[in-house]
Each structure stands twice: as structure tokens, then as C-alpha cells.
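See structure below.
The following block contains the structure:
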């Protein structure tokens, strides 16, 4: 076993711990996709069936048990312990769009047509796309808590490190698994694309205005149809003549001076 794989496994474990600790400390599942967690639990159950008949090492067996237990623990926290904080409407991705193609691919593209081999292949393909409901949820809501981003970053790093592990094993051990390598590359690309799109959406040129309106509790004003009259704000809107600050403002010098009348056009 090489160092790259150990670091990758520990990074994977760290990502899971980020998620569980976040849920337990905040007592909330806000911003977390329950569907993604169910898919990951399904990944580990179908992949580690060999736990009962194939022993590699204590390290390998312990990690298998840990991943299975923690994945189902996360699912239980979301759907049982803190179910009242879970927003079902935000977690709206249709998982059958992933399960059906992945199942079909596992049946036709595998190393050996046997129950355990097909299930293992299914888990490899499914893990590559299991994060999609989470990414879809975050892009849909446009919100992401810092700890959730830590979770995604650690998880993406784990997959990227595993690509390095496979390259290392091919070079020094002569081992090559095109199925696992290809699936890992697909998943890493998904993470990279997500972070690029999220960064673009969050820090684009419209972000300051959107965040500004949100802090003023005026987000509902931006839902005005483009066929309606524009929204007009005046200084009299703000109580005690206190003009609010942008999110990054930390002192009075950063305070914004509003003109007598501000017209905000909303294009929906």
C-alpha cells in the first residue's frame, strides 16, 4: 500500500467527518442533499460485500466498516434525527436519471459477469455521479455553508488523489483498472466544473448587488416582473437615516452614500 492511497483514504474520512460534525453541532441538515447520501450509502454496501469472504488487511477491513457505518449514520441523521430541518423541496434531483444508466452500464461493461463483480462495477460507476444531487441542490439554491464547501473540497481532493494512486500502481505494480480510473476522472471533472461554476455565480459582477439586497431583506423586490414598474428606494426607507453596509464593510468609512432616489430594475 502506497502513501498516496493512505492520504486519499484519510481525506475521504475527513470529508465524512466534516459532514457528520456539521449536522450534529448545528442540529440541522440545511444545505445537505439526503439523496446524495443515500447514493453513497448504496455505493459502499454494494462495493464492500466482499467484506464477508475476502480479507486483505485489517486496515482495509476497518475502513470498509467505517465507510458503511458512517454513510448510513449520515442518512439516519438527515431523515430521522433532524428530519424537521431537512428541506425536501430543495433536494429535488431525480436520482433515477443516475441509477438507470449506471445499472445498465454495470451490466454490460464489467470485468466479469457475476453478481459480486457487477455490483462492484455498479458501485464504481455510481460513486462517480453520486455527488450530483448535492451539486444540483447547491446550484439551485445558490447557497453553501462554509463547512459544506469544506466537505466537497475534501471529497473532491480524495478522488483526485486516487487518480494519483492508480497511476502509481500502474507504474510500480503493473496494476491497471480502466473502469475505476475512468470513473474517478469523471467524478473529479464534475467537482472541478462545480467549483468553477459556483465561484463564477457567487463572485460574478451581480453578486454584490444581490447580497446587498438580501441583507436589506429586500430579496422579494427582485422578483418583480420585467413588465412591471421598477422598484424605487429613497433614503426615507431606512430608519434613523442609517444606510446599511455592504457585507464586507467593517467600519463607517465603508458606508455607502445613497442618492435621494435609487431605481432598481429587476430582470427575471
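Residue numbers (the UniProt record's numbering): 1 to 268. Glycine residues also receive a C-beta, built at the ideal position from the N, C-alpha and C atoms. In this text, all values refer to a predicted model and were calculated from it rather than measured experimentally.
> How about residue 98 and residue 129: do their beta carbons lie closer than 7 Å?
Replying inline: The answer is yes: Cβ separation under 7 Å.
>> Three or more C-beta pairs under 8 Å: does that hold for the region 131-147 against the region 20-31?
In response: Verdict: yes, contact present.
>> What I want to know is whether the C-beta of residue 90 ends up closer than 6 Å to one or more non-hydrogen atoms of the ligand FMN.
In response: The model on display carries no ligand, and the ligand FMN is accordingly not part of it.
>> Using CA atoms only, rank isn't needed, just tell me which of 163, 111 and 53 is closest to residue 9.
In response: It is 163.
> From residue 247 to residue 138, what distance separates their C-alpha atoms?
Replying inline: Bear in mind that a pLDDT of 47 at residue 247, under 50, signals an unreliable position, so the number given afterwards is only what the model happens to contain. C-alpha separation (whole angstroms): 21 Å.
> Taking C-beta to C-beta, are residue 165 and residue 5 nearer than 7 Å?
Replying inline: Yes; because the gap between Cβ atoms is below 7 Å, this pair is in contact.
> Is the Cβ-Cβ distance between residue 114 and residue 43 less than 7 Å?
Replying inline: Taking 7 Å as the cut-off, the beta carbon of residue 114 is found no closer than this to the beta carbon of residue 43.
> Taking Cβ to Cβ, would you say residue 41 is nearer than 7 Å to residue 89?
Replying inline: No, they are not a contact pair.
> Among 108, 132, 134 and 102, which residue has its Cα nearest to the Cα of residue 125?
Replying inline: Nearest of 108, 132, 134 and 102 to residue 125, Cα basis: 102.
> Does DSSP put residue 186 in a helix, a strand or coil?
Replying inline: Looking at residue 186 - three-state DSSP - the assignment turns out to be helix.
> Buried or exposed: residue 108, going by 16 or more other Cβ atoms within 10 Å of its Cβ?
Replying inline: With fewer than 16 other Cβ atoms within 10 Å, it is exposed.
>> So the candidates are 24, 140, 127 and 58; which of them puts its Cα closest to the Cα of residue 179?
In response: Considering only alpha carbons, the answer is 127.
> residue 76 lies in the alpha helix (DSSP H); which residues open and close that run?
Replying inline: Note, residue 76: alpha helix (DSSP H), 58-76.
> Where do the N-terminal and C-terminal ends of the alpha helix (DSSP H) with residue 139 fall, by residue?
Replying inline: Element bounds for residue 139: 132-141.
>> Please identify the residue among 59, 39 and 64 whose C-alpha is closest to the C-alpha of residue 51.
In response: Among 59, 39 and 64, the Cα nearest to that of residue 51 is on 64.
> Helix, strand or coil for residue 30 per DSSP?
Replying inline: Here residue 30 sits in coil by DSSP.
>> Could you check whether the region 11-27 touches the region 73-84, counting it as contact only if at least three pairs of C-beta atoms, one from each stretch, sit closer than 8 Å?
In response: A contact exists between the region 11-27 and the region 73-84.
> What's the gap between the Cα of residue 86 and the Cα of residue 92?
Replying inline: CA-CA distance, residue 86 to residue 92, rounds to 12 Å.
>> One question on the structure: do residue 175 and residue 2 come within less than 7 Å of each other, judged by their Cβ atoms?
In response: No.
>> Using only the alpha-carbon positions, how far apart do residue 171 and residue 177 sit?
In response: CA-CA distance, residue 171 to residue 177, rounds to 12 Å.
>> Residues in the same chain with beta-carbon distance under 7 Å from residue 35, minus the five sequence neighbours each way, listed in chain order, please.
In response: Within the same chain, residue 35 has close Cβ partners 91, 93, 95 and 133.
>> Check for me: the alpha helix (DSSP H) holding residue 270 runs from which residue to which?
In response: Since the first residue shown for the chain is 1 and the last is 268, residue 270 is missing from the structure and cannot be characterised.
> In or out: residue 151 buried (at least 16 other Cβ within 10 Å) or exposed?
Replying inline: By the neighbour-count rule (16 or more Cβ atoms within 10 Å), residue 151 is buried.
>> Need the endpoints of the alpha helix (DSSP H) that residue 98 sits in, please.
In response: Here the alpha helix (DSSP H) through residue 98 covers 96-108.
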